[in-house]
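The listed protein sequences derive, respectively, from chains L, F and A. The working numbering numbers the first residue of the first sequence as 318 and each following residue consecutively. The working numbering numbers the first residue of the second sequence as 318 and each following residue consecutively. The working numbering numbers the first residue of the third sequence as -13 and each following residue consecutively. Cβ atoms here follow ideal geometry from the backbone N, Cα and C, with glycine treated the same way. Report on the structure given below.
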Amino acid sequence: MRDLDRTVEALLFLSNDPVTVPELAEAARAGEGEVVESLARLRENYAEGFRGIVLREVAGGFTLATDPSTEPAARRLLAKPRTPPLTPAQAETLAIVAYLQPVSRPEIARIRGVASDSATSTLHDRGLIEERGRSQFGAVLYRTTDLFLRLFGLRTLDDLPDPGQWDPTPEEEGELRDRLIRAGEARAGHAETPAHT
Amino acid sequence: MRDLDRTVEALLFLSNDPVTVPELAEAARAGEGEVVESLARLRENYAEGFRGIVLREVAGGFTLATDPSTEPAARRLLAKPRTPPLTPAQAETLAIVAYLQPVSRPEIARIRGVASDSATSTLHDRGLIEERGRSQFGAVLYRTTDLFLRLFGLRTLDDLPDPGQWDPTPEEEGELRDRLIRAGEARAGHAETPAHT
Amino acid sequence: MPDPVRAAELELDLDVFAGPFDLLLTLILREEVDLLEVDLADVVLAYLDHLESRGELDLEVATEFLVLIAALLELKSRLMLPRDEDDEWLDLEPGEAAEELLRRMLDNRRYRRAASELEARLEAESGYRYRSAPPPPHLKRASLEAAEAVYEPARLGVAMGDLLAHPPPIDVDHMHVVHPRVSVAARLAHLRKLLRRGSFDFEEAVRDADRVTIATTLFALLELHKQGEAVWSQLEPFGEITVSARVREAGSGAGERAA
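Written out as structure tokens, the structure reads:
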């Protein structure tokens, strides 16, 4: 292994958070281009499926992680449960924050149709979301964290799938809209009747 | 790499402390003899002088560590005071500690209108604030540190800027502390009002 | 995405409808069932019974149900309000109301799908473990001397200013709070004046009045009845209400009377 590769490997090993190319370059006293080449060589060395450790690019940086195939043994050794799964309320709240950030609690509640304070607090406590300023009414706004990106294996927020893919087809949407409009017109018709006093 | 070698490598990578052969064998569901052989193969792979990470046998068992030759770079990465931009939550929390010190977490939460434990912990971890005794109710009190002064370019706390120039309601009477708490409670009450569509 | 018993499959047995919830929704949307005649409280009760019989709360289904029932409640409350051009309660046209409802349903649906996508992602990622061992202390120690001024003190002052800010006063129009603009006393005087003619139609007493005035006038009428000054009759539901001065002993201030 070249000296730079050894240094980069050691830096990735020591840092608990993903490290960016500029950070690696500054610490290793190397050019960013050299670091990128070094990472490419390490990546070959740590390609998935070969070793117990893999090199991953998440949350805007590079980090070493264990291969999922070793997870059962790791659980036995560390007696530490895996990341607990999200409850549906937490998953929906997280999805809203991820796509609409920054977003406030009242806005989340409006979309979900129920107050979501406990889900928001849990996500905050778990470090998946954080505060990002305040709305004009003084409500705290939330955004996702780097830990969110890391736990969900995303390099950046742009890696999130396009939510448009889950929308109904224009035909379905049109049909739904027509029905709602007819219901609304029915209402207008009814309303002509004087109120019961 | 064999499956067992991958597992042992992953276990060594994840563990904070040296791991013994019996511990490795139990977690990997393998015989101790097999684990010893596996360690021997890994040791070749991680021999000193080849990579950035080395496999060491120490008093308590086996462990992965960085090669001493990479230490200068590691120190450059890890030892610099971590000064990423402050998040809004951190800036607000730090301002409260700086102007009102000593101040407790519950008081910070009351002023900000939201729990601020994660911001407080981060500021503490970064060495910007430290504990300074306990309030009469037993809550830990915080004050700013010398590193805080240094990172903000202040000689003493008296050099903190007068908040008066940013005060939205300078005509209001009262101690800074009381006014902050009143404003915080007003915001907390208001934030629950749903946003209008 | 797991697909347990959906809210849509909730079996209902109501006065005007028996069948699954989604069929009720469809019929309402197709105007085959009049939403005004559906007792939504019964739908909620049926849902609670359903939950009890299942013995568990499925949050996915509960959320779907809440969104649907909230949409129905909103639609129904709009239907029940009298239509009044200058009434701020009805600032949405039927088309706009439908658009708003549609937007909400699509929003909710979009984020529920996104949520299951995230759940699947987290599950797929949970096999990767990251190292959490702290780096050796001797590699971490930064010296105070090496620290340079990187933060602006003004940042703290600005944060203080934000923390001292009170929220803007609540916009009352926004909150749909209607302040009484008329007093019962004023409406009592109005009714007594009309009563001098002997009798009048209630519609006449509240012609061109807003809803609050109508309510206050009704309250004033009840007060007149209590005082023994007026009686009324209505021949059929929703029909005209005729208010008449009550025959009283001489000397009452109600003036002439005519049965």
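Partners in chain A for residue 328 of chain F, counting only beta-carbon separations shorter than 8 Å: Numbered from its first residue, the second sequence carries residue 328 of chain F at position 11. Here the premise fails: no neighbours, minimum Cβ distance about 10 Å.
Going by DSSP in three states, residue 461 of chain F sits in which element: helix, strand or coil? Start at 1 with the first residue of the second sequence, and residue 461 of chain F comes out as number 144. For residue 461 of chain F, the three-state secondary structure derived from DSSP is strand.
State the start and end residues of the unbroken beta strand (DSSP E) segment that holds residue 343 of chain L. Taking the first sequence and counting its residues from 1, the one referred to as residue 343 of chain L is at position 26. For residue 343 of chain L, there is no enclosing beta strand (DSSP E); the residue is part of the alpha helix (DSSP H) that begins and ends at 338 to 345.
Nearest chain F C-beta to residue 340 of chain L closer than 8 Å, yes or no? Here residue 340 of chain L corresponds to residue number 23 of the first sequence, with the count starting at 1. Residue-level contact check: residue 340 of chain L touches chain F, since one or more beta carbons of chain F fall below 8 Å from its beta carbon.
For residue 436 of chain L and residue 406 of chain L, believed in contact at Cβ under 8 Å, the rounded distance: Walking along the first sequence from the start, residue 406 of chain L turns up at place 89. Walking along the first sequence from the start, residue 436 of chain L turns up at place 119. Indeed, because the Cβ distance is near 4 Å, the residues count as touching under 8 Å.
Are residue 177 of chain A and residue 210 of chain A closer than 8 Å when you measure CB to CB? The count along the third sequence starts at 1 and reaches residue 177 of chain A at position 191. The count along the third sequence starts at 1 and reaches residue 210 of chain A at position 224. Yes, the pair counts as a contact, with Cβ atoms nearer than the cut-off.
CA-to-CA distance, residue 453 of chain F to residue 110 of chain A, given in whole angstroms: Residue mapping note: residue 110 of chain A aligns to position 124 of the third sequence, counting from 1. Residue mapping note: residue 453 of chain F aligns to position 136 of the second sequence, counting from 1. Those two C-alpha atoms are separated by around 49 Å.
Please list the terminal residues of the continuous alpha helix (DSSP H) segment that includes residue 6 of chain A. Counted from its first residue, the third sequence places residue 6 of chain A at position 20. Element bounds for residue 6 of chain A: not the alpha helix (DSSP H) but the beta strand (DSSP E), 4 to 6.
Quick check: residue 334 of chain F and residue 358 of chain F, are their CB atoms within less than 8 Å of each other? By 1-based counting over the second sequence, the position of residue 334 of chain F is 17. By 1-based counting over the second sequence, the position of residue 358 of chain F is 41. Contact: no.
When you compare the CB of residue 146 of chain A with every CB in chain F, is at least one pair closer than 8 Å? As a working mapping, residue 146 of chain A is identified with position 160 in the third sequence. Yes, residue 146 of chain A counts as interfacial toward chain F.
Provide the residue(s) that pair with residue 220 of chain A in DSSP beta bridges, ordered along the chain. To locate residue 220 of chain A, count along the third sequence from 1; it is residue 234. Residue 220 of chain A has A:227 as its beta-bridge partners, per DSSP.
Where does the unbroken beta strand (DSSP E) through residue 449 of chain L begin, and where does it stop? Your numbering for residue 449 of chain L matches position 132 in the first sequence. From DSSP, the beta strand (DSSP E) with residue 449 of chain L extends over 446 to 451.
I'd like to know if residue 567 of chain F contacts chain A, where contact means its C-beta is closer than 8 Å to some C-beta of that chain. With chain F running from 318 to 514 in the structure shown, residue 567 of chain F is simply not present.
Run down chain L in chain order and give the residues with a C-beta less than 7 Å from the C-beta of residue 111 of chain A. Working through the third sequence from its first residue, we reach residue 111 of chain A at position 125. The answer, in chain order, is 468, 469, 470.
Comparing the C-beta of residue 369 of chain F with each C-beta of chain L, is any distance below 8 Å? Taking the first residue of the second sequence as 1, we reach residue 369 of chain F at position 52. Any Cβ of chain L closer than 8 Å to the Cβ of residue 369 of chain F would place that residue at the interface, and such an atom is present.
Using a Cβ cut-off of 7 Å, pull out every chain F residue sitting near residue 450 of chain L, in sequence order please. Taking the first residue of the first sequence as 1, we reach residue 450 of chain L at position 133. Correct list: 405.
Using only alpha-carbon positions, find the residue among L:439, L:462, L:395 that is nearest to residue 446 of chain L. Numbered from 1 along the first sequence, position 129 holds the residue referred to as residue 446 of chain L. Comparing alpha carbon positions, the residue from L:439, L:462, L:395 closest to residue 446 of chain L is L:462.
Note down the Cα distance separating residue 383 of chain F from residue 379 of chain L, rounded to an integer number of angstroms. Taking the second sequence and counting its residues from 1, the one referred to as residue 383 of chain F is at position 66. Taking the first sequence and counting its residues from 1, the one referred to as residue 379 of chain L is at position 62. Each residue's Cα considered, the two are about 17 Å apart.
Locate the alpha helix (DSSP H) running through residue 381 of chain F, then write down its first and last residues. What you label residue 381 of chain F is simply residue 64 of the second sequence in a count that begins at 1. Where residue 381 of chain F is concerned, there is no enclosing alpha helix (DSSP H), although the beta strand (DSSP E) it sits in stretches over 378 to 383.
Taking a contact to mean a Cβ-Cβ separation below 8 Å, would you say residue 403 of chain F touches residue 395 of chain F in this structure? The sequence position of residue 403 of chain F within the second sequence is 86, counting from 1. The sequence position of residue 395 of chain F within the second sequence is 78, counting from 1. The answer is no: Cβ separation not under 8 Å.
Just how far apart, CA to CA, sit residue 389 of chain L and residue 140 of chain A? Taking the first residue of the first sequence as position 1, residue 389 of chain L is located at position 72. Taking the first residue of the third sequence as position 1, residue 140 of chain A is located at position 154. Distance between the alpha carbons of residue 389 of chain L and residue 140 of chain A is about 51 Å.
Within 8 Å (strictly less), CB to CB, does residue 362 of chain F reach chain A? As a first step, residue 362 of chain F is located in the second sequence; it is residue number 45 there, counting from the start. Chain A, which has no Cβ nearer than 8 Å to the Cβ of residue 362 of chain F, makes this no.
At what residues does the alpha helix (DSSP H) containing residue 353 of chain L begin and finish? Taking the first sequence and counting its residues from 1, the one referred to as residue 353 of chain L is at position 36. Element bounds for residue 353 of chain L: 349 to 362.
Taking 8 Å as the threshold (beta carbon to beta carbon), is residue 416 of chain F in contact with chain A? Indexing the second sequence from 1 puts residue 416 of chain F at position 99. Residue 416 of chain F belongs to the set of residues whose beta carbon lies under 8 Å from a beta carbon in chain A.
Reduced DSSP secondary structure (H/G/I, E/B, other) of residue 185 of chain A: Taking the first residue of the third sequence as position 1, residue 185 of chain A is located at position 199. Strand, per DSSP.
Quick one: what's got a C-beta closer than 8 Å to residue 273 of chain L's C-beta in the same chain, skipping five residues either side? In this structure chain L extends from 318 to 514, so residue 273 of chain L is not present and cannot be described.
Is it buried or exposed for residue 117 of chain A, if we count other Cβ within 10 angstroms and need 16 for buried? Working through the third sequence from its first residue, we reach residue 117 of chain A at position 131. Result: buried.
With a 10 Å radius around its C-beta and 16 neighbouring C-beta atoms as the bar for buried, classify residue 442 of chain F as buried or exposed. On the second sequence, position 125 is the one that residue 442 of chain F refers to. Residue 442 of chain F should be labelled exposed.
Distance, residue 433 of chain F Cα to residue 255 of chain A Cα: The structure shown does not extend to residue 255 of chain A, since chain A is modelled only from -13 through 245, so no value can be given for it.
If you compare alpha carbons, which of L:459, L:393, L:444, L:493 is closest to residue 424 of chain L? Taking the first sequence and counting its residues from 1, one reaches residue 424 of chain L at position 107. Residue L:459 is the option with its Cα nearest to residue 424 of chain L.
Evaluate residue 409 of chain L with the Cβ neighbour count: other Cβ atoms within 10 Å of its Cβ, from every protein chain shown; 16 or more gives buried, anything less gives exposed. Locating residue 409 of chain L in the first sequence gives position 92, counting from the first residue. Residue 409 of chain L should be labelled buried.
Any residues in the region 113 to 124 of chain A with a beta carbon nearer than 9 Å to a beta carbon of chain L? Which ones, in chain order? When C-beta distances to chain L are compared with 9 Å, the residues of the region 113 to 124 of chain A below that value are 113, 114, 115, 116, 117, 118, 119, 120, 121, 122, in chain order.
Residue 392 of chain F versus residue 486 of chain L - alpha carbon distance: As a first step, residue 392 of chain F must be located in the second sequence, where it is residue number 75. As a first step, residue 486 of chain L must be located in the first sequence, where it is residue number 169. Residue 392 of chain F and residue 486 of chain L: Cα-Cα distance of roughly 56 Å.
Let's test the definition: count the other Cβ atoms within 10 Å of the Cβ of residue 193 of chain A and tell me whether it reaches 16, buried, or not, exposed. Stepping through the third sequence from its first residue, residue 193 of chain A is reached at position 207. Around the C-beta of residue 193 of chain A, fewer than 16 other C-beta atoms lie within 10 Å, and the residue is accordingly described as exposed.
Find the residues of chain L that neighbour residue 132 of chain A, judging by a C-beta separation of less than 9 Å, and give them in chain order. For this step, residue 132 of chain A is matched to residue 146 along the third sequence. In chain order: nothing, as chain L lies at least about 15 Å away.
Do you know how far the Cα of residue 488 of chain L is from the Cα of residue 338 of chain L? The residue labelled residue 338 of chain L in the question sits at position 21 within the first sequence. The residue labelled residue 488 of chain L in the question sits at position 171 within the first sequence. Residue 338 of chain L and residue 488 of chain L: Cα-Cα distance of roughly 47 Å.
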